[in-house]
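Input: a single structure, listed below in structure tokens.
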Amino acid sequence: MTKVIKNGTVVTADLTYKADVLIEDGKIVEIGPNLSGDEELDATGCYVMPGGVDPHTHLEMPFMGTYSSDDFDSGTRAALAGGTTMVVDFALPSPGQGLLDAIQMWDNKSTRANCDYSFHMAITWWSEQVFNEMETVVRDKGINTFKHFMAYKGALMVNDDEMYVSFKRCAELGATPLVHAENGDVVAELQRKLMEEGNNGPEAHAYSRPPEVEGEATNRAIMIADMAGVPLYVVHTSCEESHEAIRRARTQGKRVYGEPLIQHLTLDESEYFDKDWDHAARRVMSPPFRNKKHQDSLWAGLQSGSLSVVATDHCAFTTDQKRYGVGDFTKIPNGTGGLEDRMPMLWTHGVETGRLTPNEFVAVTSTNIAKILNCYPKKGAILVGADADIVVWDPAREKTISANNQQSAIDYNVFEGQQVKGLPRFTLTRGKVAVHDGEIRAEEGHGEFVMRAPNTPVNKALSTWKELTAPRRVERTGIPASGV
Ligand code: DUC
Ligand code: ZN
Ligand code: ZN
Ligand code: ZN
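Note that the UniProt record's numbering numbers the sequence shown so that position 422 is 422, with each residue one more than the last.
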């Protein structure tokens, strides 16, 4: 049984051309003119692009006293509805829990996925067990990325010494460290002071996490990664201070990648001020939304290539869950949705406005991250042999975003009322049509885990600094015993 996508324009990260795409057994088997197959999908007027890869989701994650409300079923349905065909979720051990144990938990939840997926491993505490299990995670579990929270003090945060030894372990194993870059000590102090002064509403969340805490942590992580000799991936880069650090590192030859979120690109801090409690609390995430200066910086980074990927950090909580934080903003579960809306919002505000070309859109939604995560060209490509994870993108199709017709399980949408232009006509996951003109035909359990091998050779950073190790200790002779 073959399928052919006919009469479309293939758009990849580097090429645009007219061709049909033939699919068999979930893979692309031929690309060229006048192909035929058992079933035809009409792509007239559409772009045929690699399906989106969202490298940053939190599905059914235990967090801040509750669980994020989209699971691997609703979350991946939302992904497919918006043209995303692979998600990378964070397997998150609670402090004290083994890494392999946490992976088992995520394996159990992810059997419900409608599209392919992979995991990052979070390092939420440090011990010899963690050090040892990291090797099994990379060699046997197909996970080559380790996330470090520099914030969430007293919960998920790791200290600099732990981060440094973990980064060195990543270097040994051919893995890439990820950081949530915010100075958790300073955030905790700002939270304490705001609460003490009676600022307990959701707007105080933004005041407790200014751009400076993100810029400081990003700079620190970049320096530590350089000392450890590893590349670094900075998740949810939201401000100029952090972007500036990444830009500078890249011009120095360091392999540092920045990931703005669609929320930070299109929503700003006014969402927190002079708004009712629910409105503002629904938009509480870390880092918080910023002002226009920071948004312009993020767009510029995508245009110039100093920022590499657009993600969502999809971590959805219902209004009832958000209300855990009434009277204390530090207890509002942090997170917003975005999986269904990332690609249409980026097309509307990026391509339709002329900020990004369609090829750049493919690069930042799919191809760049597939390369960084070492699953290219299985994912992120329209090439013979690649998985048929494809979005047939209709640039003329429009809709108004609303919680009333979304796949996500929550009762609101942070993009409510936004008009988007550019939507999938078809979304295919390994050759299976999961979406056609807004009709969802996804299949729970269709998704498969994507193994990601270590990157060899390990990237070496430019630092000339070398650790002084015991065997190299210099024996000095002839120094006067009493000094000079
Ligand atoms: N930020 C959020 O807003 N939610 C999940 C975790 C995170 O870092
Ligand atoms: Zn984070
Ligand atoms: Zn996150
Ligand atoms: Zn149709």
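Where is the CB? At the ideal position from N, CA and C, for every residue including glycine. Remember, predicted model here, so these are calculated numbers, not experimental data.
message: If I measure Cβ to Cβ from Ala19 and keep anything under 6 Å in the same chain, skipping five residues before and after, which residues do I get?
response: Val10, Ile31, Gly32
query: Comparing the C-beta of Ile143 with each C-beta of chain B, is any distance below 9 Å?
result: Within the model displayed, chain B is absent; a lone protein chain is all it includes.
Extent of the continuous alpha helix (DSSP H) to which His205 belongs: 203-208
query: When burial is assigned at 16 or more other CB atoms within 10 Å of the CB, is Thr145 buried or exposed?
result: buried
message: In this structure, how does DSSP classify Trp126 when only helix, strand and coil are distinguished?
response: DSSP places Trp126 in the coil class of the three-state scheme, outside both helix and strand.
- request: May I ask you to check if the CB of residue 486 is nearer than 8 Å to at least one heavy atom of ligand 1?
  value: Outside the modelled stretch of the chain, which goes from 1 to 484, sits residue 486, for which no answer is possible.
- request: Return yes when the C-beta of His205 is under 8 Å from any heavy atom of ligand 3, and no when it is not.
  value: no
Which of helix, strand or coil DSSP assigns to Ser118: Here Ser118 sits in strand by DSSP.
message: Tell me whether Gly335, by its Cβ, gets closer than 8 Å to a heavy atom of ligand 1.
response: yes
message: Given the structure, does Phe63 come close to ligand 2, in the sense that its CB is under 8 Å from one of the ligand's heavy atoms?
response: no
query: Tell me, which residues are paired with Ala91 by DSSP?
result: In the DSSP output, where bridge partners are listed per residue, Ala91 has Met121.
query: Just the residues with CB closer than 7 Å to a heavy atom of ligand 2, in chain order, which are they?
result: Phe149, His180, Val235, His236, Ser286, Asp313
- request: Pull up the distance between the alpha-carbon of Cys239 and that of Thr136, whole angstroms please.
  value: 36 Å
query: Within the present structure, is the beta-carbon of His58 separated from the nearest heavy atom of ligand 1 by less than 8 Å?
result: yes
- request: For Cys239, verify whether its CB is less than 8 Å away from any heavy atom of ligand 1.
  value: no
message: Please give the ranges of any alpha helix (DSSP H) in the region 176-250, keeping only runs that are unbroken, at least 4 residues long and fully inside the region.
response: 184-196, 203-208, 211-228
- prompt: In terms of residues, what are the limits of the beta strand (DSSP E) holding Tyr257?
  reply: 256-258
message: Does the distance between the C-beta of Phe119 and the nearest non-hydrogen atom of ligand 3 fall short of 8 Å?
response: no
- request: Mind reading off the beta-carbon distance from Pro202 to Trp277? Whole number of angstroms is fine, and I expect it under 8 Å.
  value: 6 Å
task: Count the CB pairs spanning the region 401-418 and the region 51-63 that are closer than 8 Å, and state whether there are at least three.
output: no
- request: Kindly give me the distance between the Cβ atoms of Leu178 and Tyr233, rounded to whole angstroms, as I take these residues to be in contact under 8 Å.
  value: Their Cβ separation, rounded to whole angstroms, is 5 Å, which keeps Leu178 and Tyr233 in contact under 8 Å.
message: Given 8 Å as the limit, tell me if Phe317 has its C-beta closer than that to any heavy atom belonging to ligand 3.
response: Checking the Cβ of Phe317 against ligand 3 gives no.
The region 103-123 contacting the region 440-450, beta-carbon criterion three pairs below 8 Å: yes
message: As a quick exercise: from Glu196, Gly438, Val391, pick the residue whose alpha carbon is nearest that of Gly327.
response: Glu196
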